[in-house]
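Heads up: take any position in the sequence shown, counting from 1, add 13, and you land on my numbering. Glycine residues also receive a C-beta, built at the ideal position from the N, C-alpha and C atoms.
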Amino acid sequence: MKILVIGGGGREHAVIRKLMESSRVDKIYCAPGNGGIGCDAENVPIQAMDTAGIVNFAKKNGIGLVCVTPDDPLAAGMV
């Protein structure tokens with residue numbers, strides 16, 4: 014399964030590290046990510062609040078799960 018994690022902080026990095034342990038995970042992307050996350054997942058240059066950009070990326074890349082962890086996108090209804 015391909016997974017897209019939204020955000021670019023320590024919380025997202027911890028989630029990515031845990032997801033990497035699963036044999037069901039084929040690829041992990043992170044939008045926007047950061048330098049440290051880039052060691053474990055592919056950073057995608059889409060801002061966390063860019064709902065349309067995230068939806069387009071997910072559709073284009075066959076994302077099976079989107080994990081939204083930052084508070085602002087969650088409060089804005091990105092679920």
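May I have the straight-line CA-CA distance separating Ala89 from Asp63, to the nearest angstrom?
The straight-line gap from Cα to Cα measures roughly 11 Å.
Assign Val28 to one of three DSSP states: helix, strand, or coil.
If DSSP states are grouped into helix, strand and coil, Val28 belongs with the helices.
Could you pull out every residue in the same chain whose Cβ sits closer than 6 Å to the Cβ of Gly46, ignoring the five residues on either side in sequence?
Closer than 6 Å at the Cβ level, and outside the excluded window around Gly46, lie Gly21, Asn56.
Could you give the DSSP three-state label for Asn56: helix, strand or coil?
Asn56: strand per DSSP, three-state reduction.
For the beta strand (DSSP E) holding Pro45, just list the boundary residues, first then last.
Note, Pro45: beta strand (DSSP E), 40-45.
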